[in-house]
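Here the structure comes first, spelled out in structure tokens, and everything after it is commentary.
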Amino acid sequence: MPDMFETPMGRRIAYHRTKGRGPGVVFLGGLMSDMTGTKAVHLEDWAQRAGRAFLRFDYSGHGQSSGTFTEGCIGDWAADAMAVLGALTEGPQILVGSSMGGWVSLLIARAMPERVAGLVTIAAAPDFTEDGMWASFTDDQKAAMERDGVVHLPSDYGEPYPITSRMIEDGRAQLVLRSPLYLPFPVRMLQGTADEDVDMSVALRLLEHATGDDIRLTLVKGADHRFSTPDCLTLIEKSVEKVAHRG
Numbered sequence: 049m050p051d052m053f054e055t056p057m058g059r060r061i062a063y064h065r066t067k068g069r070g071p072g073v074v075f076l077g078g079l080m081s082d083m084t085g086t087k088a089v090h091l092e093d094w095a096q097r098a099g100r101a102f103l104r105f106d107y108s109g110h111g112q113s114s115g116t117f118t119e120g121c122i123g124d125w126a127a128d129a130m131a132v133l134g135a136l137t138e139g140p141q142i143l144v145g146s147s148m149g150g151w152v153s154l155l156i157a158r159a160m161p162e163r164v165a166g167l168v169t170i171a172a173a174p175d176f177t178e179d180g181m182w183a184s185f186t187d188d189q190k191a192a193m194e195r196d197g198v199v200h201l202p203s204d205y206g207e208p209y210p211i212t213s214r215m216i217e218d219g220r221a222q223l224v225l226r227s228p229l230y231l232p233f234p235v236r237m238l239q240g241t242a243d244e245d246v247d248m249s250v251a252l253r254l255l256e257h258a259t260g261d262d263i264r265l266t267l268v269k270g271a272d273h274r275f276s277t278p279d280c281l282t283l284i285e286k287s288v289e290k291v292a293h294r295g
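Numbering (this note's numbering), first residue to last: 49 to 295.
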């Protein structure tokens, strides 16, 4: 059973924490995913073997945390992550952000850079509500959003994604690719060339936009959005190790 933490906003966040040396590693999952995913559990096992502190958790409305998905938005989930980081970790952390978690990690880096030792992003999806969703909505979908407050998008991972008007509107307040983005710590970005959810061009745009002295992008030919093959999981491990060493 996970431990539970109540945020200052009153949301109950489920988490698993591994004690160990720092800098610790915090895994930030993707949209409608939870902390039992392959990458999160694999990294926890790696951290335990390496003796490194590790934290995985569910955003509100995800997994075993309180709330429902349709109540939440990017700003809420970033606030959850910042509250967890502040209360359940000590010192600067290495953030490992998968898909939406990559966006959340960038919001954390912008809001509390002193708590970030480095970033490892996996198919990071910054600004996806605006550039990936709203920009691709048809006129009918935009009308449905205005009428019903929600549009259901098909998913390769199970039930359709209910995308609310609040998520779209809040996303516009969380954009990170429209203003300077300074990342003053080691950053390793990982991206599959066969990713059908987050196009390779997003990784290239983030690489070009962000500024910092140690930012690198690794493209893996043929890797998809899950990025969970044995080779991909090993690459994630090695990337975290390199960030920890350089930090």
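By construction, the Cβ of each residue, glycine as well, lies at the ideal position given by its N, Cα and C atoms.
query	result
Just reading off the beta strand (DSSP E) that residue 44 is part of, what are its end residues?	Residue 44 is absent from the model: the chain starts at 49 and stops at 295.
From residue 67 to residue 135, what does the alpha carbon distance come to, in whole angstroms?	14 Å
Exposed or buried, which one is residue 256 when buried takes at least 16 other CB atoms within 10 Å?	exposed
How about residue 170 and residue 275: are their beta carbons less than 8 Å apart?	yes
Cutting at 8 Å between CB atoms, please list the residues of its own chain near residue 220, excluding the five before and the five after it.	177, 178
So for residue 279, helix, strand or coil by DSSP?	helix
Would you mind working out which of 246, 104, 153, 239 sits nearest residue 204, comparing C-alpha positions?	246
Distance, Cα to Cα, residue 266 vs residue 231?	17 Å
Which residue comes first and which comes last in the beta strand (DSSP E) that contains residue 160?	Residue 160 -> no beta strand (DSSP E), and no H or E assigned at all.
List the DSSP bridge partners of residue 90.	DSSP output for residue 90 lists no bridge partner at all.
According to DSSP, is residue 134 helix, strand or coil?	helix
Name the DSSP bridge partner or partners of residue 52?	62
Which residue comes first and which comes last in the beta strand (DSSP E) that contains residue 110?	That residue, residue 110, is in no beta strand (DSSP E); it is neither H nor E in DSSP.
Does residue 75 come out as helix, strand or coil in the three-state DSSP assignment?	strand
From the beta carbon of residue 87, is the nearest beta carbon of chain D less than 8 Å away?	In summary, chain D is missing from the structure at hand, where a single protein chain is found.
Could you give the uninterrupted runs of the alpha helix (DSSP H) lying entirely in the region 167 to 204, keeping only those of 4 residues or more?	187 to 196
To which residues of the same chain is residue 162 closer than 8 Å at the C-beta, ignoring the five residues directly before and after it?	140
Is the region 89 to 101 close to the region 146 to 157, with three or more CB pairs under 8 Å?	no
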